[in-house]
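For reference, the structure discussed in these notes is given below.
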Amino acid sequence: MDKKSKYNRFLIWSVLSAALTFAVAFFILGYILLKGGGMVSTEFLLDSPKGFPLGSSGGIYPAIIGSLAFTGVACAVASLLAISTAVYLKFYCGSRRLYSIVRLVIESTAGMPSIVLGLFGYTLFVLKMGFGVSVLSGGLVLGIMIFPFIEVRVEKRLGEIEQDMLLSSYALGVSRYYTIKRLVLRKALPDIISAVALAGGFAMGATAPIIFTGAVIYAKAPESIMSPAMALSYHLYVLIGEGAPTEYVYGTATVLMLLILAINGAAMLFGKVNRGE
Amino acid sequence: MKRDKVFEFIIKAFTLVSVAILGFIIFFIGAESLPAFRHSGVAGFFTNERWHPMGTDPVLSILPMVFATVYVSFLAVVIALPIGVGTAVFLSCVAGEAARRLLKPFIDLMAGLPSVVFGFMGLMVVVGYFERHFSMSSGESALAGGMVLAIMILPYIISTCDTTMVGIMKSYKTSSDSLGVSKWHMVRYLVLPAASRSVLAGAVLALARGMGETMAVMMVIGNSPIFPRLLGKCETIPALIALEMGGAPVGSLHYHALFAAGFILIIMRFAVSMLVSHIKKGADL
């Protein structure tokens, strides 16, 4: 009896923990959707912020476009470099020492606090290189932030390609370039896209890296990558800080959350379905 | 053949560019913090004085912020660990395959939510609750920061623990069942002890993540550069940088001191990560 009650306590602990975890998850999602869902209308999505404090009427169109622009630049830069690095490490890097040096650099970047990356980007991109506060500067910082995220996942996926297949390809006299292009990358493509999309969702939610490098309180939808832009995450932060009417705050939070959930959900589905699960 | 060479060249060039940029960051931050370290010495950052980077006699001590950064993250891990491990036990040992498949994606989605949303919820719910029920003049406190951060690191703790526990379950289930051992006996005397190192590594990893978090924490801790108390305001290093960088003139001592604060934060995180790899060394199951 005593033993049984001990195990019961165990069961209760695990069930309660899980209940609490999922309650919190559903609460956050539900609370914001419930309070902000009503705000989402074509007017809110397609109008510019107006009123005083700014954002207390009107919409969030420039912030949506800005967020997409930051994320796009970040993904473009980071995926090109990260996929190349992963291919290099898996197929071209001949020396163990070189491999561990590159890995160390990538891992220490993954451990960089995002605000420190923002600090770096502010001085280097905005000031020293003269990109100014712009989509480019902010996107580059976000790109650095998601580089390790993409590289690690792609390298892991490339490592899962069957050795037999590679060896057969080489044995047939197929060049390394052709093997990588036609066999490796083609097989890994769905998971690579999934990794880049997940990284994009991560970049879109980030605020700290773009506070000083790209995001501004008000701007029109960016016309080029050299113009400063609004971003949903930063706009949300600004709205909270200036005490804008709560329905506008919840509305902005809802749009940001739905965008990220859509990207992440699609990425998770895409990566999984194609792995045959 | 020519294409082969070109492709190899491009791959190598991109890798070189990446490593150069990433490696450059740490040197750059170190170089930008040098003037501040030269001004007051490394020890000057850890004296028992107030942070006062401007004026004629600047003091650059960030000791209260160092403590606050560790304090808030540690609080978050203490809160999140029992819940996270419990949830992982639930997912790997209690829930069936179908329930697990249904619930696991929510953990991943939770991990993907932006930090500013967590901060906002923390402000509305946690801070609001403190103000209404604890008769605090302001609910912004280290505890509020710890609670919000706990929710943010929960998915990481759950994922790490769950992966390990599922592995253990898979490899021992048959032998355990054939010996007639009950499931709870197995969880208590096999799964938990075997997973303990991974749990520890996950907890320390979560601590490191928490130390680098900016927005969510900054929005709920009140940001006073004083030593942290559970129900008092405090300010973490990321919050300090985020709040003061905009107002620090480029090239001033204040500006370099904020870089130095960032550099110290990197070193702190690096030290914690070293601990993780040390723990992991013995965790290979």
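Same order as they appear, the protein sequences are chains A and B. Okay, so the first sequence: first residue is 1 according to my numbering, each after it adds one. Okay, so the second sequence: first residue is 1001 according to my numbering, each after it adds one. All C-beta atoms in this analysis are idealised placements derived from N, C-alpha and C, irrespective of residue type, glycine included.
For a Cβ distance threshold of 9 Å, residue set I1021, L1022 and I1025 of chain B lies close to I144 (chain A), ordered along the chain. Separation of the CB atoms of G1146 (chain B) and V1072 (chain B) is rounded to 5 Å, and the pair is thereby assigned contact status at 8 Å. Positions of the alpha helix (DSSP H) runs, each at least 4 residues long and wholly inside the segment 1135 to 1172 of chain B, cannot be given because no such run exists.
With a threshold of 9 Å between beta carbons, S1273 (chain B) makes contact with chain A.
The segment 1137 to 1157 of chain B makes contact with the segment 1080 to 1092 of chain B: 3 or more CB pairs, one atom from each, lie closer than 8 Å. Think of a sphere of 7 Å around the beta carbon of W1051 (chain B): no beta carbon from chain A falls inside it, the nearest being about 17 Å out. Its Cα nearest to that of M1121 (chain B), the residue A:K35 stands out among A:A76, A:K35 and A:T213.
Here C1234 (chain B) is bridged, per DSSP, to B:G1222. K1280 (chain B) has no beta-bridge partner at all, per DSSP. Within the segment 26 to 51 of chain A, the complete alpha helix (DSSP H) segments at least 4 residues long are 42 to 46, listed from N- to C-terminus. The Cβ of P1064 (chain B) sits no closer than 9 Å to any Cβ of chain A.
Following the DSSP letters along the chain, one finds L183 (chain A) in no alpha helix (DSSP H), marked with neither H nor E.
Taken in chain order, the whole alpha helix (DSSP H) runs of length 4 or more contained in the segment 151 to 210 of chain A are 163 to 171, 176 to 179 and 185 to 205. In the same chain as F131 (chain A), and ignoring 5 residues on each side of it, the C-beta atoms closer than 6 Å to its own belong to F125 and S137, in chain order. DSSP, reduced to helix, strand and coil, places G138 (chain A) within a helical segment of the structure shown. Within a 10 Å sphere around the beta-carbon of E151 (chain A) sit 16 or more other beta-carbons, which makes this residue buried. Annotation for L45 (chain A): G59, I60, Y61, I64 and V255 place their beta carbon closer than 8 Å to its own, counting only its chain and skipping 5 residues before and after.
Taking 9 Å as the CB threshold, P113 (chain A) lines the interface with chain B.
Judged by DSSP secondary structure, P53 (chain A) falls outside any alpha helix (DSSP H); it is assigned neither H nor E.
If you draw a 10 Å sphere on the C-beta of E43 (chain A), you find fewer than 16 other C-beta atoms in it, and that means exposed.
Each residue's CA atom was taken as its position, placing G94 (chain A) and A1203 (chain B) some 35 Å apart. Between F10 (chain A) and L1243 (chain B), the alpha-carbon positions lie close to 44 Å from each other. Taking a C-beta distance under 9 Å as the contact criterion, G1212 (chain B) and I115 (chain A) qualify as a contact pair. If you keep only unbroken alpha helix (DSSP H) runs of at least 4 residues inside the segment 216 to 255 of chain A, you get 232 to 241. Counting along the chain, M1186 (chain B) sits inside the alpha helix (DSSP H) bounded by residues K1183 to M1186. Interface flag for E242 (chain A) against chain B is unset, since no Cβ pair is found closer than 9 Å. Rounded to whole angstroms, the Cβ separation of I1011 (chain B) and Y88 (chain A) is 5 Å, and the two are in contact under 8 Å. Rounded to the nearest angstrom, the Cβ distance from A253 (chain A) to I106 (chain A) is 33 Å, too far for a contact under 8 Å.
For R1269 (chain B), the chain A residues whose Cβ falls inside 7 Å of its Cβ are G111 and P113, in order along the chain.
DSSP places V116 (chain A) in the helix class (H, G or I) of the three-state scheme.
The C-beta distance from G55 (chain A) to L239 (chain A) rounds to 5 Å, short enough to fall under 8 Å. Look at the segment 1074 to 1102 of chain B: the residues with a C-beta under 8 Å from a C-beta of chain A are P1082, I1083, G1084, V1085, G1086, T1087, V1089, F1090, L1091, C1093, V1094 and A1095. Nearest C-alpha to S17 (chain A) among B:S1018, B:R1209, B:I1158 and B:W1184: B:I1158. In this structure, M1274 (chain B) lies away from V1066 (chain B), with their beta-carbon atoms at least 9 Å apart. Within a 10 Å sphere around the beta-carbon of E1235 (chain B) sit 16 or more other beta-carbons, which makes this residue buried. In the three-state DSSP reduction, V1042 (chain B) falls in the coil class, being neither helix nor strand.
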